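Student:
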């Protein structure tokens, strides 16, 4: 659990028996994709059914809008700058955010969040461990950043090429000038710490699945 103490603060084709090996490979790929979809759905269902702890507390107004910044929603490393599956190192994607807030009278807004990450390693990953870096920022709605804080996310893949991690952010506080200022005046953004090249890759809508191939041994 992270405690955030900011001051301002995601038809098969029949073929002859001669094509059996290709069919087996296709069926295997389809089965892998189906398992991936089922595992992802299970993770998302579990994530969405685990509310942040502020849900039942009374609130003086709407919560700030919490969202994933599109340009920083995915993290993909490429060896040698080549945007191919064989060149992928470590990858990541922010799958979703569950958030709740509470504020009464002129009290500061307090926000708790659970952030779901899907993380992977590709052919160029050097080991089964990786520390990712992400950030949480508070802004005036569609305006200036008021505060931004970075966090490290260490991951141990073990023998797998992908994993899911839920990060808990607790105690993000946004001061209010007076009782008339509601949560709709603010926005909370979450994203990976990406390079300009990664941001451009995301902005263009390019993507690979989480592990982008089996890791090299």
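Residue numbers (this note's numbering): 13 to 229. Heads up, the beta-carbon is just placed ideally off N, CA and C, and yes, glycines get one too. Please read these numbers as outputs of a predicted model, since none were measured by experiment.
Have a look at residue 176 and residue 80 and give me their C-alpha separation to the nearest angstrom.
Tutor: Here residue 176 refers to the residue found at position 164 of the chain shown. Here residue 80 refers to the residue found at position 68 of the chain shown. Their backbone Cα atoms lie some 17 Å apart in a straight line.
Student: Could you tell me the alpha carbon to alpha carbon distance between residue 117 and residue 127, rounded to whole angstroms?
Tutor: In the chain shown, residue 117 corresponds to position 105, counting from 1. In the chain shown, residue 127 corresponds to position 115, counting from 1. Answer to the nearest angstrom: the Cα atoms are 28 Å apart.
Student: Would you please state the rounded distance, in angstroms, between the beta carbons of residue 130 and residue 107? I believe it to be under 8 Å.
Tutor: Against the chain shown, residue 130 aligns to sequence position 118. Against the chain shown, residue 107 aligns to sequence position 95. Indeed, because the Cβ distance is near 5 Å, the residues count as touching under 8 Å.
Student: If you follow the alpha helix (DSSP H) that residue 213 is in, where does it begin and where does it stop?
Tutor: On the chain shown, position 201 is the one that residue 213 refers to. Run containing residue 213: 208-215, per the alpha helix (DSSP H) assignment.
Student: Apart from the five residues on each side of it in sequence, which residues of its chain come closer than 6 Å, Cβ to Cβ, to residue 90?
Tutor: Here residue 90 corresponds to residue number 78 of the chain shown, with the count starting at 1. The residues are 99.
Student: Could you tell me the boundaries of the beta strand (DSSP E) in which residue 141 lies?
Tutor: For the purposes of this step, residue 141 is taken as the residue at position 129 of the chain shown. First-last of the beta strand (DSSP E) with residue 141: 141-152.
Student: Quick check: residue 233 and residue 83, are their CB atoms within less than 8 Å of each other?
Tutor: Nothing can be reported for residue 233, as the shown portion of the chain is limited to 13 through 229.
Student: Which residues does DSSP list as the beta-bridge partners of residue 127?
Tutor: Your numbering for residue 127 matches position 115 in the chain shown. Bridge partners of residue 127: 109 and 179.
Student: Going along the chain, which residues of its own chain have a beta-carbon closer than 7 Å to the beta-carbon of residue 205, five neighbours each way excluded?
Tutor: Your numbering for residue 205 matches position 193 in the chain shown. Only 145, 146, 147 and 162 meet the Cβ criterion.
Student: Can you tell me which of 137, 77, 190 and 122 puts its alpha carbon nearest to the alpha carbon of residue 173?
Tutor: Taking the chain shown and counting its residues from 1, the one referred to as residue 173 is at position 161. Residue 137 is the option with its Cα nearest to residue 173.
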